[in-house]
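For reference, the structure is listed below as C-alpha cells.
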Amino acid sequence: SDICSLPFLAKICQEIKLAIQNSVPFKDADSDKYSVFSALRGYHWRGRDCNDSDATVYPGRRPDNWDAHRDSNCNGIWGVDPSDGIPYEKKFCEGSQPRGIVLLGDSFGAHFHIAPEWVTAAQMSLNSFFNLPTALADELDWPQVSGVTGFLSSMSGIKEKSIYRRLRERNRCNHRDYQNISRNGASSQNLKQFIESLSRSKLWDHPAVVIYAMIGNDVCNGKRDPVPAMTTPEKLYSHVMQTLQQLHSHLPNGSSVIFYGLPDGTFLWDNLHSRYHPLGQLNRDVTYAQLYAFLNCLQVSPCHGWMSSNKTLRALTSERAKQLSKTLERIADSERFTNLNLFYMDFAFQEITEEWRKRGGQPWQLIEPVDGFHPNEVASLLLADHFWRKVQLQWPQVLGKENPFNPQIEKVFGDQGGH
Amino acid sequence: PSNSHTCVGCVLVVSVLEQLAQVHNSTVQATMERLCRYLPEKLFLKTTCYLVIQMFGPDIVKLLTAGMNADVVCHTLEFCKQDAGQPLCHLYAPPKEPWRQTLEKARQLVEKSPALKRPRSG
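Chains as they are written, first to last, in the working numbering: chain Z, 6 to 424; chain U, 9 to 130.
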C-alpha cells in the first residue's frame, strides 16, 4: 500500500519527504537552498543555482569582487570589459538598486492547478498526462507560471507578465533573484514551519521585496463547522508580528514587505454554483454546488466557508476575511522596523473581474475549473498587473530604479543563461 | 477524516473511467487499459495503474457494467465509508432506490472479492 516501504526506495523517499516538509530543494549539493534541478522545490521555486558545489554562489547576493572572475550572484553578468578593464557587473549594476522578489504564500501563490485534461474524458489522449510527473513532484503547484515568481510565458496566452519578470525587465541585474516560499494550506499560523526556508542574508545579499499573501487559509478550512477554526484578528496580529521579527532579522536594509489582504470569496458560489464541473460536462450531471456539497460532507473542502450553499456562512466568512485584512492594514500603517518598509494592498479581485469583463470575459473564467476554488493563471497575471501598476504609482522606491544599461546587458549577455 | 481523500480520488478515477468508456464506446476493461496507456512511465504511474487494474479491475468492471455509478462503486469497494451518525457522501444525484438497497445489490455483485481484503490507504 505504500511504495516507500520498499527497502530500495526508503532512503530516497525519506529525502523527498524532508525536502517537501522543509520546503527546500531535494537536490542541493552545496546546501545553499538553490538548485540546478527544476522540480522538488528546485528552480521552479527559486532562481537556478549557477554553481551547486559552492555555497557562496547563489542568486541575489551582492557580487564578489564585482564578479570579475565568476558569476557569484548567478545573474549572468560577469567578467571584465576588455575595452576599458572595468568589470561588467560594476559597469552595469553598480548603484542600480537591485531587488529580489520573495513570496510568502499559500496555494494561490504557488499556483495550485489540476489540469482539466486530466479529468475530462472527452479531451483525454496520450499527451494529456505528459506533465503530470512534474506537477506531482511540485506538489500540484506550478510556481514557474505563477503571478509573482513565474518565469515561463503564460500557458493561457495572456500577455501580462509575472512580478518577477517585470522586476527583471526593470533591472536586468535582478535576473534569477526570485523565491517562492509558498505551500498548499499555508496560513499566518503555520508559516513559521517553513519560513526558515527563506534564503536572504542581511550582510551578503541585496534587499528584497517580500509579498505576504496568505489569502485564504486563515478563514478557510474543511471542518463541518468552519467558523471556530478561523484565525481571529488578535491571533493574526500576533502571528504576523512574529513573521516580521523573523524577516527583520534576515533581510537587508531597504527591503519591503507588502501585505495582500484577503479576498471576498463570495464570488465563488455566486459565479459557479449552477455551472457544470468538468466531471459533469459530458452528461450534465455534476454542478459545482454538488462538488462543494460532496467535499463538505467528506470534510476535505479547501474552504467550507465560501464553498457552501449556506448564505449566512458565506457572509460570516467574508466578514472575518474583512476583519483580517483590516488587521494587516493596521500593521502596515502603525508598525515600524528599521530594515523594512511595510505596505498594504487590497486583494483586488473585483477590479480584475471588471478588467476581464471589459476584455469580453466572464468572471467564472478566472477560477480554476477542477477545484472550483483557486484564482487561475489568468487571474494571477491580471493581479500581478494590478500590483505592478499600484506599486509603480504609489511606492516606486520599493522596486528600485530602472536600469539604463539593460540594452547593453542584453547585447553582451543575451538571455543571461536562462532562469 | 483519514479516508476522505481516498474517497475523492476513487470517485474521480471511476468517473473518468465511466466517461472514457462512454466517449470511446468501449468496454470497461478496454477503457481501464486505455487510461493506463495514457499515463507516463515516470514515477511508476503506468505501473501503478496496471497494478490497480489487477487488484480492483474485475470488481469495477462488474459494478459499472451493472449500471452502478462512481459513488456506488467507491462505497461498495470501501474507498468511501459512511461514518456512524454522519450522512452518506456522494457526488452524483442519489440513486432512484434507497441507498441501502442499491449498496446491498452492489455488494452482492462483488461478494467474496479478494480486493475487499486489501488496505485502502496510499
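In this text, a Cβ means the ideal position worked out from N, Cα and C, and glycines have one as well. In this text, all values refer to a predicted model and were calculated from it rather than measured experimentally.
By Cβ distance, which residues of its chain are closer than 6 Å to residue i, with the 5 residues on each side in sequence left out?
i: Tyr297/Z; result: Met312
i: Val19/U; result: Ala78, Cys82 and Leu99
i: Gly47/Z; result: Pro30 and Ser40
i: Pro368/Z; result: Asn276 and Thr358
i: Gly130/U; result: Its pLDDT being 46, under 50, Gly130/U is placed unreliably in this model, and the coordinates cannot settle the point.
i: Ala326/Z; result: Val224 and Leu267
i: Thr322/Z; result: Val224, Gly310 and Trp311
i: Ser161/Z; result: Glu382 and Val383
i: Ala73/Z; result: Val85 and Pro92
i: Ala218/Z; result: Gly110, Gly114 and Tyr265
i: Gly227/Z; result: Gln304, Val305, Ser306 and His309
i: Ser192/Z; result: Met219, Asn222 and Asp223
i: Tyr58/U; result: Cys44
i: Ile163/Z; result: Val383 and Leu386
i: Asn301/Z; result: His309
Near residue i, which residues of its chain fall below 7 Å by C-beta distance, leaving aside the five closest residues on each side in sequence?
i: Gly285/Z; result: Val291 and Thr292
i: Leu172/Z; result: Arg104, Ile106, Asn179 and Leu404
i: Pro283/Z; result: Pro121, Val124, Thr125, Pro374 and Val375
Can you say whether residue i is buried or exposed, counting buried as having 16 or more other CB atoms within 10 angstroms of its CB?
i: Lys416/Z; result: exposed
i: Ser10/Z; result: exposed
i: Ala320/Z; result: exposed
i: Arg45/U; result: exposed
i: Leu398/Z; result: exposed
i: Met246/Z; result: exposed
i: Gly100/Z; result: exposed
i: Phe134/Z; result: buried
i: Ala213/Z; result: buried
i: Leu23/Z; result: exposed
i: Arg108/U; result: exposed
i: Arg289/Z; result: exposed
i: Asn33/U; result: exposed
i: Glu94/Z; result: buried
i: Asn132/Z; result: exposed
i: Ala29/U; result: buried
i: Ser202/Z; result: buried
i: Gly17/U; result: exposed
i: Cys13/Z; result: Sequence inspection shows Phe at residue 13/Z; the Cys mentioned does not correspond to that position. Counting Cβ neighbours within 10 Å, Phe13/Z comes out exposed, since fewer than 16 surround it.
i: Asn185/Z; result: buried
Is the beta carbon of residue i less than 8 Å from the beta carbon of residue j?
i: Cys97/U; j: Phe299/Z; result: yes
i: Gln250/Z; j: Ile200/Z; result: no
i: Val36/U; j: Leu47/U; result: no
i: Tyr63/Z; j: Asp33/Z; result: no
i: Ser385/Z; j: Gly152/Z; result: yes
i: Asp269/Z; j: Ser187/Z; result: no
i: Ala101/U; j: Met76/U; result: no
i: Phe473/Z; j: Gln413/Z; result: Nothing can be reported for residue 473/Z, as the shown portion of chain Z is limited to 6 through 424.
i: His424/Z; j: Arg66/Z; result: no
i: Phe410/Z; j: Phe354/Z; result: no
i: Arg175/Z; j: Asn408/Z; result: yes
i: Asn78/Z; j: Gln421/Z; result: no
i: Ala389/Z; j: Ser167/Z; result: yes
i: Arg205/Z; j: Leu256/Z; result: yes
i: Leu329/Z; j: Leu241/Z; result: yes
i: Leu45/Z; j: Ile21/Z; result: yes
i: Thr139/Z; j: Tyr183/Z; result: no
i: Asp57/Z; j: Asp76/Z; result: no
Span of the alpha helix (DSSP H) holding residue i?
i: Ile61/U; result: Leu53 to Thr73
i: Gly114/Z; result: Ser112 to Ala115
i: Ala15/Z; result: Pro12 to Asn27
i: Tyr39/Z; result: Looking at the DSSP string, Tyr39/Z is not in any alpha helix (DSSP H), and its letter there is neither H nor E.
i: Phe354/Z; result: Phe354 to Lys363
i: Ile168/Z; result: Ile168 to Arg175
i: Ala114/U; result: Trp107 to Leu117
i: Val16/U; result: Ser12 to His32
i: Pro231/Z; result: Looking at the DSSP string, Pro231/Z is not in any alpha helix (DSSP H), and its letter there is neither H nor E.
The beta strand (DSSP E) with residue i in it runs from where to where?
i: Gln504/Z; result: What is shown of chain Z runs 6 to 424, which leaves residue 504/Z out entirely.
i: Phe348/Z; result: Leu345 to Met350
i: Tyr100/U; result: Where Tyr100/U is concerned, there is no enclosing beta strand (DSSP E), given that its DSSP letter is neither H nor E.
i: Ala218/Z; result: Ala213 to Ala218
i: Val262/Z; result: Ser260 to Tyr265
Within its chain, find whatever has a CB closer than 8 Å to the CB of residue i; leave out the 5 residues flanking it on each side and keep chain order.
i: Ile68/U; result: Val22, Leu25, Val36, Met40, Val81 and Leu85
i: Lys331/Z; result: Pro238
i: Glu112/U; result: none
Considering only heavy atoms of the ligand ATP, does any lie closer than 7 Å to the CB of residue i?
i: Val60/U; result: Within the structure as shown, the ligand ATP is missing, as the structure has no ligands at all.
_Check whether the segment 342–352 of chain Z and the segment 249–266 of chain Z touch, using three or more Cβ-Cβ pairs below 8 Å as the test._
Because the criterion of three Cβ pairs below 8 Å is met, the segment 342–352 of chain Z and the segment 249–266 of chain Z touch.
*So, do the segment 362–378 of chain Z and the segment 112–127 of chain Z have three or more beta carbon pairs nearer to each other than 8 Å?*
Contact between the segment 362–378 of chain Z and the segment 112–127 of chain Z is present, because at least three Cβ pairs lie under 8 Å.
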